[in-house]
Amino acid sequence: MPILDHLWIILALPLAGAALNGLLGKHWPQSRVNFVAIGSVTAAFLAVVELVREFSQLAPEQIPFVGNYFTWMVAGPFRVDFALAVDQLTMVMLLTVSFVGLLIHIYSTGYMAHEGGYYRFFSYLNLFMFFMLTLVMATNLLVMFVGWEGVGLCSYLLIGFWFLKKSATDAGKKAFITTRIGDFGFTVGLLLVFATFQSIDFGTIFKSLAANPVSESVLTVICILLFTGAVGKSAQLPLYVWLPDAMEGPTPVSALIHAATMVTAGVYMVARMNPLFSRAPVAMLVVAIVGAATAFYSATIGLVQTDIKKVLAYSTVSQLGYMFLACGVGSYAAGIFHLMTHAFFKGLLFLAAGSVIHAMGGEQDMMKMGGLAKKIPTTYWTMLIATLAIAGIPGFAGFFSKDEILEAARSGPNANPILWALGVAGAGLTSFYMFRLVFLTFFGVPRYDEHHVHVHESPKNMTIPLMILAFFSIFGGWLAAPHLIGGTDYFERFLEPVFSAYAPEQAAALAENHAPEGPALALLHAVTGWPVIVAVLGLLLAWWLYIKNPDAPKRLAKSVHGLYALLLNKYYVDEIYAALIVRPLLWISTNVLWHGVDQGLIDGVVNGSAHVARLSGSRLRELQSGNTRSYAAWVLVGVVGFTVLLLTLFVTGVH
Amino acid sequence: MSVIPVSYYLALSAVLFGLGVIAFVFKRNVITIFMSIELMLNAVNLAFVAFARAHNQLDGLVFVFFVIVVAAAEAAVGLALVIMLAQNRQSLSVERMNHLKL
Amino acid sequence: MTVPFLLFFVCGGLAVVGAILVIASREPIHSALALILVMVALAVLYLLLGAPFIAAVQIIVYAGAIMVLFVFVIMLLNAGVEERTDFSSIAKYVGLPLGFVLMLWAAHWLWHSQAAGAVGTAVSTAAASSRELSVELFRQYLFPFEATSILILIAILGALVLAKKEE
C-alpha cells in the first residue's frame, strides 16, 4: 500500500512546490514556475486518486487509517503526535480540495500570465494547498489548527498579493484579524477539550466520549467555542465582514480560498467533531440558527451589489450558512455534500467571473457590462450552468444538495420550521440575484464603450477548467439522485461510518424513522417542493426586472430608497464595527498601551534607571573633591562605623 | 596603695584620640593637621603602655618605642613635603591642595 | 584620694586641656605648644604606669625633637592665622557632634569595662627597666629594630632630597 503507508507524500508535494517556487522562482521563466507548481499539485492529486483505490480495498475495521509519523511534543500528560488519518470524510475533502485546486492552478496560469510576482503567487498557492491538506488529514485538534492557521496565513498573503495597493493590504489585515477572533475561541475550545478528555486526538476523544458520558454543559461550551473558530474562518455572522473585502485578491484566489476550500474548513471541523455536537443539542441549535440567519442575511445584501465579485462573495457567505444549517439539524452528510457541490459551482462562478473581468480588461462593475453572451460564449454557457446549479434548478448539482439540506430542516430529527422558512427564502433570493448577475452581465445592450474595451474570449488554459467544472456542476450531484426516487443516497451511505460511529443512541434510532414512499411520488414531491418553486420564482423575477423591463430596477430602488441604501451599504455593519470596536481599540492601543505602558512605563523604567545611574554617579563624583579634609572625614565615618560594627557583633556583655 | 584601673587610662586614650580626629577633620592648616596625627599617635601609645602594664608584658612598651621612632621619621619626611607644598602654593591651607582627584 | 589617683586626674586633665587647646588655637604655634603640654603630661602618665624608659624617650624624642621640628617649620613658613573659610556642612552638623558623641561614648564604655582584666599588681619599675626592655628589643625584636634604623636613614635622605631647593 504505497500511498497509505506514506500519507505525508500528499503534503510534501505541494510544500516542495511552494519552497522551490518561493525560494528559487524569482528569476525563473514562467514555464518553469508553471511546471513546478502545476506539477506538484498534479502529483498530489494523482496520489489522492491512488489513495482512493487503496482506500476502497481497506476493511471497515481499518478505517480510519492512521499514519503516525513522529511525536511532535510531549509535556506531561499532553501529547501531540504528527499523525495523518484517512477516513471517508477525509477522502471526500481530499478529492474536492485537490481536484478543484488543480483546476484553479491551471486556470491561474492564464489569468495571472501578465501579472508581476508570478512565482510568488504560485508559491503561496502551493503553500495553501499544503496547509489545507494538512487540515483535512489531521488526526488531532492541534495539527488541524496548524493547517487552520496556515490557510489563514496564505489567505492573508494572497489577499494582499498586490501589496502596493492599500485597499488590498487593508483587506488582508482585516481578514487575518477577524479570523483571529474566531481562532481565539477555537484555541480556548481546544484547551477545554484537553482538560475534559486529557487528549486532543480525535479517535481518543470519540472513544472516550462513547464510553464515559461527559456533562452536556461542558460539551456545549466546547462546541460553541470551536464553532466560533468556524464562524471566523467560514465567514458567518458576525465575523463575515472579511470575506467581501477579500475580493481584493486575484480572482483565482477568491475561487480557491474563499469559495471552494478554506472557508469550508469550518464546516469540515464541525462535521469532524460531530460526536461532540450530536451530544450538545444547544450547540447544534446555535450552529443551525447562525447558519440559517447568515444564509438569509447575506442573500439580502447580495441583491443590490454591483461588483460582480462582491455578489459572489455574499453568495459564498450565504451558501456556507446553508452548510452550517445542515450540520445544525444533524444532517452532516448533507452539509458535506453541499460543500462538495458548492466547490464545483462556486469555483466555476468565480473562475467565470474572472474570465469576464479578463475579457473586459479589468472591469468588475456589472453596471458597465452587458450583452456579452455572444462575445464570450464559453464563459457565458459555463456561468449559466453554474448559476442554474446554485439556484437549485432540478437536474443540476446544487438542486440535490440544497434540497437535502432543506428537507432535513423541514422533516429531519431536529427539524425547525423557522429555520426551514429562512432557508427557503434565502434560496429564492439566491436564485434571484444570481440570475440578475447573469442577465446584467451577459444580456441586454452593452453599457460600456465598445471602442475602448476589446472583449475577447479567454485562452484555453482558462476555459478548459471552466468546462470541466461545468461538467461537475451538472453531474456532481447525481450521487444523490437515486435518493429522490426512494433509492439509496450513495453519498450519505459512504459517509455513514463517520457520522454514526460515535453518535448517541437516540439520534441513531430517530434516523431510521421515515416511511418510504413510492419512487414516483417521491420524485414528484422533490421537484415540486418549495425550494424549487422559489428558485423558479427568483428566475422569473430576475428576468422580468432585468430583461423585460430594464428600467424597473431603478424605479424600484427609488421607491424603497431607504431599504435600498441599507442593503447597498451592507447594513452599515463595517461602519458599526469601525465605530464600536476598531476605533476604541485604536484609541486604547495608542493612548493606553503606547503612551502609557510602552513610553511611560517601559521606557520610563529603562530611561529612569539610566537617569538614576547618572544622577547617583554625579552625586558620588562629588566625594572625590580633592579636598583632603573631606576625605579624612569620610575615612573617619568609615572607621567609626567599622568599630561600632565590631563592638556590637563580637564583644558581648560589655555594659 | 591602690592602683588606678587600666580602663581609666584607656578612656583617656580614647578621649585624646577623638580630639585628635576632630582636629584632623576641622583644622585647615596643614601643619596643624600633622600635629593632630601626632596627637592620635600619642593617644595610641598611652593605650599600649596601659595594656603592657595590665598584662605585665614588655611587648607593649617595645611597640611604643617603635611608634615613637616611626613617628619621628614620618614627621621629618612629612614636614619636608609640607615645606615644598607651601612654597609651591604660597599657602598652608589644605583646601588649596586639592589635586588628589580625578 | 591617693597620690596616684590625684596625679592621674591632674595629668589626664592637663592632657585633655592641651588637646582641646590644639583644636581651639588660632595660631599654629599655639597649637604646637599645647601639643608639647600634652606630651609632657603623657610622660608623667607613663611614669605612673611604670614605664620610665618610655617616659624618658617620650620627652627626649617626641617633645624634644619632633615638636621642635614642628616649631622650626612653623617659624620657617611663617604660618600665620588660619583663613576663615566655611566648613562643609557635613563636617559642621554631622561630624562635630558625631565625633564628640562617639568619643565620649567610647570613653565611658572603656571606663566601665572589664577589658583590661585584672588591675594588675602594684606599680613596679623592675619589670620595665631599660635593661629588660633592651634585652627584649635585641632578642625578640631584633629585625624590626634594624629595619627601623634603615627607615630612619631613608627618612633622613628623603627629607634632605625633598627640602633641597631646585638649582
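Chains as they are written, first to last, in numbering that gives the first Met the number 0: chain W, 0 to 654; chain V, 0 to 101; chain U, 0 to 166. Yeah, the Cβ is synthetic: ideal placement off N, Cα and C, and Gly gets one too. Quick caveat: nothing in here was measured; it's all calculated off a predicted structure.
Going by DSSP in three states, residue i sits in which element: helix, strand or coil?
{"i": "Arg78/W", "result": "strand"}
{"i": "Ala84/W", "result": "strand"}
{"i": "Asp550/W", "result": "coil"}
{"i": "Ala508/W", "result": "Residue confidence for Ala508/W is low, a pLDDT of 47 falling below 50, so the modelled location carries little weight and cannot support an answer."}
{"i": "Val581/W", "result": "helix"}
{"i": "Ile392/W", "result": "coil"}
{"i": "His98/V", "result": "coil"}
{"i": "Gly616/W", "result": "helix"}
{"i": "Ala79/V", "result": "helix"}
{"i": "Met74/U", "result": "helix"}
{"i": "Ile3/V", "result": "coil"}
{"i": "Lys165/W", "result": "helix"}
{"i": "Asp4/W", "result": "helix"}
{"i": "Arg278/W", "result": "coil"}
{"i": "Ser330/W", "result": "coil"}
{"i": "Lys206/W", "result": "helix"}
{"i": "Ala170/W", "result": "helix"}
{"i": "Gly369/W", "result": "coil"}
{"i": "His104/W", "result": "helix"}
{"i": "Asp448/W", "result": "coil"}
{"i": "Glu456/W", "result": "coil"}
{"i": "Val634/W", "result": "helix"}
{"i": "Asp488/W", "result": "coil"}
{"i": "Ala656/W", "result": "An answer regarding residue 656/W cannot be provided, because it is not within the stretch 0 to 654 covered by chain W."}
{"i": "Pro28/W", "result": "coil"}
{"i": "Ser122/W", "result": "helix"}
On the DSSP bridge assignment, give the partners of residue i in chain order.
{"i": "Met72/W", "result": "Val79/W"}
{"i": "Gly360/W", "result": "In the DSSP output, where bridge partners are listed per residue, Gly360/W has none listed."}
{"i": "Ser35/V", "result": "Paired residues: none, contrary to the question."}
{"i": "Ser92/V", "result": "Asn28/V"}
{"i": "Gly66/W", "result": "Leu83/W"}
{"i": "Asp200/W", "result": "Asn139/W"}
{"i": "Asp306/W", "result": "Asp364/W"}
Since I believe residue j is in contact with residue i (beta carbons under 8 Å), could you give me their beta-carbon distance rounded to a whole number of angstroms?
{"i": "Thr260/W", "j": "Gly100/W", "result": "7 Å"}
{"i": "Ile473/W", "j": "Ile384/W", "result": "6 Å"}
{"i": "Ala36/W", "j": "Leu124/W", "result": "7 Å"}
{"i": "Leu413/W", "j": "Tyr331/W", "result": "It is worth fixing the name first, because residue 413/W is Asn in this sequence and not Leu. With 8 Å as the limit, Asn413/W and Tyr331/W do not qualify as a contact, their Cβ atoms being about 12 Å apart."}
{"i": "Leu338/W", "j": "Gln87/W", "result": "The Cβ separation is near 14 Å, so there is no contact."}
{"i": "Leu208/W", "j": "Tyr501/W", "result": "6 Å"}
{"i": "Ala49/V", "j": "Val5/V", "result": "5 Å"}
{"i": "Val24/V", "j": "Ala609/W", "result": "Not really, about 36 Å apart at Cβ, beyond 8 Å."}
{"i": "Tyr110/W", "j": "Met461/W", "result": "6 Å"}
{"i": "Ala31/U", "j": "Val70/U", "result": "5 Å"}
{"i": "Ala469/W", "j": "Leu347/W", "result": "6 Å"}
From this set, the options, which residue's C-alpha is nearest residue i's C-alpha?
{"i": "Phe336/W", "options": "Lys232/W, Glu403/W and Ile467/W", "result": "Glu403/W"}
{"i": "Leu405/W", "options": "Thr381/W, Ala291/W, Leu584/W and Ile463/W", "result": "Ala291/W"}
{"i": "Val37/U", "options": "Arg25/U, Pro51/U, Gly63/U and Ala50/U", "result": "Gly63/U"}
{"i": "Ala82/W", "options": "Tyr68/W, Ala534/W and Val452/W", "result": "Tyr68/W"}
{"i": "Ser97/W", "options": "Val604/W, Gly38/W and Leu522/W", "result": "Gly38/W"}
{"i": "Gly17/U", "options": "Ser92/V, Asn41/V and Val2/V", "result": "Asn41/V"}
{"i": "Glu148/W", "options": "Leu94/W, Gly171/W, Ser122/W and Phe175/W", "result": "Phe175/W"}
{"i": "Ile67/V", "options": "Leu80/V, Ala85/V, Val43/V and Arg88/V", "result": "Val43/V"}
{"i": "Ile375/W", "options": "Arg613/W, Leu387/W, Val355/W and Asp364/W", "result": "Val355/W"}
{"i": "Gly248/W", "options": "Thr178/W, Leu163/W, Ile546/W and Arg554/W", "result": "Leu163/W"}
{"i": "Ile532/W", "options": "Ser30/W, Phe398/W and Ala264/W", "result": "Phe398/W"}
{"i": "Met34/V", "options": "Leu132/U, Thr147/U, Leu44/U and Leu20/U", "result": "Leu20/U"}
{"i": "Gly394/W", "options": "His357/W, Phe349/W, Thr340/W and Val423/W", "result": "Thr340/W"}
{"i": "Leu102/W", "options": "Val581/W, Met466/W, Glu574/W and Lys557/W", "result": "Met466/W"}
{"i": "Val48/W", "options": "Trp543/W, Asn139/W and Ile9/W", "result": "Ile9/W"}
{"i": "Asp80/W", "options": "Ala137/W, Gln61/W and Met128/W", "result": "Ala137/W"}
**Asked** For the segment 8-28 of chain V, which residues have a beta carbon sitting closer than 7 Å to at least one beta carbon of chain W?
**Response** Cβ contacts with chain W: Val20, Phe23 and Val24.
**Residues from the segment 590-623 of chain W in contact with chain U, defined by Cβ distance under 7 Å** = For the segment 590-623 of chain W, the set of positions with a beta-carbon nearer than 7 Å to some beta-carbon of chain U is empty.
**Cβ-based contacts, 7 Å cut-off: residues of the segment 625-649 of chain W near chain V** = Hits within the stretch, in order: Gly625, Asn626, Thr627, Arg628, Ala631, Ala632 and Leu635.
**Message:** Against chain V, which members of the segment 13-31 of chain U pass a CB distance test of less than 7 Å?
**Reply:** Cβ contacts with chain V come from Ala14, Val15, Ala18, Ile19, Val21, Ile22, Pro27, Ser30 and Ala31.
**Prompt:** Using Cβ-Cβ distances below 7 Å, what residues of the segment 132-153 of chain U are close to chain V?
**Reply:** The residues in question are Leu132, Glu135, Leu136, Tyr140, Pro143, Thr147, Leu150 and Ile151.
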